[in-house]
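**Student:** Just add 7 to wherever you are in the sequence shown, counting from 1, and you've got the working numbering. Even glycine gets a Cβ: it sits at the ideal position worked out from N, Cα and C.
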Amino acid sequence: MKSLYNQNDVQDFVGRINKITATTQPQWGKMNAAQVMAHCTAPLKMAHGEVKSKRGLFSLLLGKHFKKKMVNPATPFTKNLPTDPNFIFPNPCDFEEEKQKLINQIKSFSQKGPDAITKLPHSFFGYMNPQEWDIIQSKHLDHHLSQFGV
Numbered sequence: 008m009k010s011l012y013n014q015n016d017v018q019d020f021v022g023r024i025n026k027i028t029a030t031t032q033p034q035w036g037k038m039n040a041a042q043v044m045a046h047c048t049a050p051l052k053m054a055h056g057e058v059k060s061k062r063g064l065f066s067l068l069l070g071k072h073f074k075k076k077m078v079n080p081a082t083p084f085t086k087n088l089p090t091d092p093n094f095i096f097p098n099p100c101d102f103e104e105e106k107q108k109l110i111n112q113i114k115s116f117s118q119k120g121p122d123a124i125t126k127l128p129h130s131f132f133g134y135m136n137p138q139e140w141d142i143i144q145s146k147h148l149d150h151h152l153s154q155f156g157v
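(1) Applying the criterion that 16 or more other CB atoms from any shown protein chain within 10 Å of the CB defines a buried residue, is Asp91 buried or exposed?
(2) Would you call Phe65 buried or exposed, if buried means 16 or more other Cβ atoms sit within 10 Å of its Cβ?
(3) Give me whichever residues DSSP pairs with Gly133 in a beta bridge.
(4) Which first and last residues belong to the alpha helix (DSSP H) in which Thr48 is found?
(5) Within its chain, find whatever has a CB closer than 6 angstroms to the CB of Met44; leave out the 5 residues flanking it on each side and keep chain order.
(6) Determine the extent of the alpha helix (DSSP H) in which Leu68 is found, giving its start and end residues.
(7) Buried or exposed, going by whether 16 or more other CB atoms sit within 10 Å of the CB of His72?
(8) If you count every other CB in all the chains shown that lies within 10 Å of the CB of Ser11, and 16 or more means buried, which is it?
(9) For Pro50, count the other beta carbons within 10 Å of its own beta carbon; 16 or more makes it buried, fewer makes it exposed. Which is it?
(10) Can you tell me where the alpha helix (DSSP H) holding Val58 begins and where it ends?
(11) At the level of alpha carbons, what is the spacing between His46 and Gly156?
(12) Suppose the cutoff is 6 angstroms on Cβ atoms and the five residues either side in sequence are ignored; what does the same chain contact list for Pro33 look like?
(13) Just verifying my parser: in three-state terms, what is the DSSP assignment at Ala123?
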């Protein structure tokens, strides 16, 4: 399992991100390349308390159940999962700007380490420890990079 606390894995993620261009088409889903860059940045910011999101009723009822499944490193994210409305970014997004923000946020997550993880709940999964945040973030990035064929 990849980890954003591991520099080799961080470099792998950055290398994959750099293979995506503004015109790279997704293999599934509705977001374009710029939107997915912005979309992937937001939960990384949430992990450090920079983005706050209210938990909805669905999250309160089922978030803990889904968290158990999703923090299992062997369980990949499936295609077309629902997206937190706070993590949907309309056009136009500037691809190069959003790509650089994502790379910077990944590096920041890595450099700050587990001690900087927020005590605030995730918008869907609820309270998570630093290892769970890392697993979810790594799997989320892998999911969306795979969505764009890298």
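**Tutor:** This is what the structure holds:
(1) Within the sequence shown, residue 91 is the residue found at index 84, counting from 1. Buried: at least 16 other Cβ atoms inside 10 Å.
(2) Locating residue 65 in the sequence shown gives position 58, where the first residue counts as 1. Classification of Phe65: exposed, given that the 10 Å Cβ count is below 16.
(3) In the sequence shown, residue 133 corresponds to position 126, counting from 1. Answer is His129.
(4) Start at 1 with the first residue of the sequence shown, and residue 48 comes out as number 41. From DSSP, the alpha helix (DSSP H) with Thr48 extends over 40–53.
(5) Locating residue 44 in the sequence shown gives position 37, counting from the first residue. Here Met44 has Glu105, Lys106, Leu109 as same chain residues with Cβ atoms under 6 angstroms from its own Cβ, once five neighbours each way along the sequence are excluded.
(6) Along the sequence shown, read from residue 1 onward, the residue named residue 68 stands at position 61. Where Leu68 is concerned, the enclosing alpha helix (DSSP H) starts and stops at 64–77.
(7) Counting from 1 along the sequence shown, the entry for residue 72 is found at position 65. Answer is exposed; the Cβ neighbour count stays below 16.
(8) Numbered from 1 along the sequence shown, position 4 holds the residue referred to as residue 11. The sequence shown places Leu at residue 11, rather than the Ser named in the question. Leu11 is buried by the Cβ-count criterion.
(9) Along the sequence shown, read from residue 1 onward, the residue named residue 50 stands at position 43. Within a 10 Å sphere around the beta-carbon of Pro50 sit 16 or more other beta-carbons, which makes this residue buried.
(10) Here residue 58 refers to the residue found at position 51 of the sequence shown. Element bounds for Val58: n/a, residue is neither H nor E.
(11) Taking the first residue of the sequence shown as position 1, residue 46 is located at position 39. Taking the first residue of the sequence shown as position 1, residue 156 is located at position 149. Between the alpha carbons of His46 and Gly156 lies a distance of about 17 angstroms.
(12) Sequence index remark: in the sequence shown, residue 33 carries index 26 (1-based). Cβ within range, chain order: Gln154, Phe155.
(13) For the purposes of this step, residue 123 is taken as the residue at position 116 of the sequence shown. In the structure shown, Ala123 sits in a helix (DSSP, three-state: H, G or I).
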